[in-house]
Amino acid sequence: MESSSLQQAMMEMRASFVSQMVEFQRSLEQATPSTTVTALAADFSNFKKFILGSLSNLQRQADLLHQQCDRLEMQGRRKMLLVHGVAEAQGEDTSAAVLKLASEHLRIPLSTDAISRSHRMGRPSKAKSRPILIKFCSLTDRDKFWFAKTALKGTGITVSEFLTKPRHDTFLEARKRVGISKCWTRNGIIVVTAADGSHHRITSLAELNVVVPSTTLPAGHQIPAPTPNVGVGQDAANTRSKRKK
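For the sequence shown, the positions run 1 to 245 when full-length UniProt numbering is used.
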């Protein structure tokens, strides 16, 4: 069972147990008081504490497992980046397209040996081109490409990190809560600017809820609509250029 499925099963189990215990407790309260009922109520209370404690421990273990899997998956994506907005052509060579982008727009020298592999992500669409996933052979070349991305401002092309789904979802939610210019990603970590101007490094929705509760939004702030396929982190410079598209 995947960690996310385990988490879901635990949450459903806990909700079911709490619901049944509430119903049972209501029945006890409506019963005629007696020594037997009093003893039963005490046993029920002890049993309830034990089960809830056990479920909490299991939930913590499931959360820990989920976090460890997420960290390992993100570590495996360290050398990967996504490029959005590159025109798509039949029978194209995506690596050649990336190298051309690096040469003509980013002004960084990259050889064919710098790219381990590349391909389009998602299903073909006539409406828009699919992002290109690139895996570089070295972190050095990956970082050169990443830090040169500001040169793409105004071109309609953006570069983002290839985040795991939990981090991707957290990043999109952070953009809703604080605005596009106040959150970005760096090496798989989501950086969020809180209302007091402080920066916080987070990786999960639970951590985001601590920094910026879902009910807290800046005065006059309008929630931007999520952008399809953005998914995967991008820093403030690229997000600002994306808004101009």
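Yeah, the Cβ is synthetic: ideal placement off N, Cα and C, and Gly gets one too. It should be emphasised that the depicted structure is a prediction, and the values quoted were computed from it without experimental measurement.
What does the Cβ neighbour count give for residue 246, buried or exposed, with the cut at 16 atoms within 10 Å? Any property of residue 246 remains undetermined from this structure, which presents the chain solely from 1 to 245.
Glu161: buried (16+ other C-beta within 10 angstroms of its C-beta) or exposed? buried
Between Gly53 and Ala114, what straight-line distance do the alpha-carbon atoms span, to the nearest angstrom? 52 Å
Is the beta carbon of Ser16 less than 9 Å from the beta carbon of Val86? no
Buried/exposed call for Phe136, threshold 16 Cβ in 10 Å: buried
Taking its Cβ as the centre, do 16 or more other Cβ atoms sit within 10 Å of Leu139, making it buried, or is it exposed? exposed
Spatial neighbours of Val18 within its chain, please: C-beta separation below 6 Å, excluding the five flanking residues on both sides. none
Burial state of Val212 (16 or more Cβ within 10 Å): Label assigned to Val212: buried.
Taking one C-beta from the segment 117-126 and one from the segment 63-77 each time, how about it: are there three or more such pairs within less than 8 Å? Verdict: no, contact absent.
So within the segment 127-178, which uninterrupted alpha helix (DSSP H) runs reach at least 4 residues, ignoring any that extend past its ends? 139-147, 165-178
Straight-line CA distance for Leu58 to Gln68? 15 Å
Return yes when the Cβ of Ala194 is within less than 9 Å of the Cβ of His200, no when it is not. Yes, the pair counts as a contact, with Cβ atoms nearer than the cut-off.
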